[in-house]
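Accompanying notes for the structure given below.
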Amino acid sequence: MRDRLNLTLPVELIGRINELADRKKLPRSAIVEAAVSSFLSPDHSDVREAAFARRLDRLSRQVQRMERDLGVTAETLALFVRFWLSITPPLPPEAQAAAQAKGRERFDGFVETLGKRLQKGQSFLREIPEDVEGN
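The sequence shown begins at 1 in full-length UniProt numbering and counts up one residue at a time.
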């Protein structure tokens, strides 16, 4: 069932409707009907806004995890450096060359172990429970 509606529109808008009707070979009423229907129906902007909100929520959670992981990493490094500086006695000059060689050997082993863990997808940060706060 259809009902008649008379309305007035600005001349430039009517011109645009006429141009579109001629180009698409459609009656003007079909174009106006489609435009009004689109305006009154839930549009894509609502759907898009909901998708953006979900994406922003997900990004917020990711940033929170990154902040937590960065805090844990910084605290771990700080504790290690403090511990290492506290317990490592100074070496006499004649023992420094051997200590440096041993240090390079240990560092190479560390890098190798780190590489293997990362290659397997293992992460120290994943071993820490989520509810531990990084301050």
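Even glycine gets a Cβ: it sits at the ideal position worked out from N, Cα and C.
Query	Result
Nearest to Leu70 by CA position, among Met1, Arg4, Phe124 and Asn6, is which residue?	Phe124
Throw me the rounded Cβ distance for the Ile31 and Ile17 pair, which I believe falls under 8 angstroms.	6 angstroms
Using CA atoms only, rank isn't needed, just tell me which of Phe39, Glu19 and Arg126 is closest to Thr73.	Arg126
Quick check: what's the CA-CA separation for Glu12 versus Asp3?	26 angstroms
DSSP state of Gln96, grouped into three classes?	helix
Could you give the distance in angstroms between the alpha-carbon of Pro93 and the alpha-carbon of Ala101?	14 angstroms
Could you pull the start and end residues of the alpha helix (DSSP H) that Leu13 belongs to?	Val11 to Lys24
Between which two residues does the alpha helix (DSSP H) carrying Glu49 extend?	His44 to Ile87
Over what stretch of residues does the alpha helix (DSSP H) that includes Ser41 continue unbroken?	Taken as a continuous stretch (DSSP letters only), Ser41 belongs to no alpha helix (DSSP H), as it is neither H nor E.
Leu125 by DSSP, collapsed to three states: which one?	helix
Report, in whole angstroms, the separation of the C-beta atoms of Ala34 and Arg28, which I expect to be a contact under 8 angstroms.	11 angstroms between Cβ atoms; not a contact.
Roughly how many angstroms separate the alpha carbons of Leu77 and Leu85, rounded to a whole number?	12 angstroms
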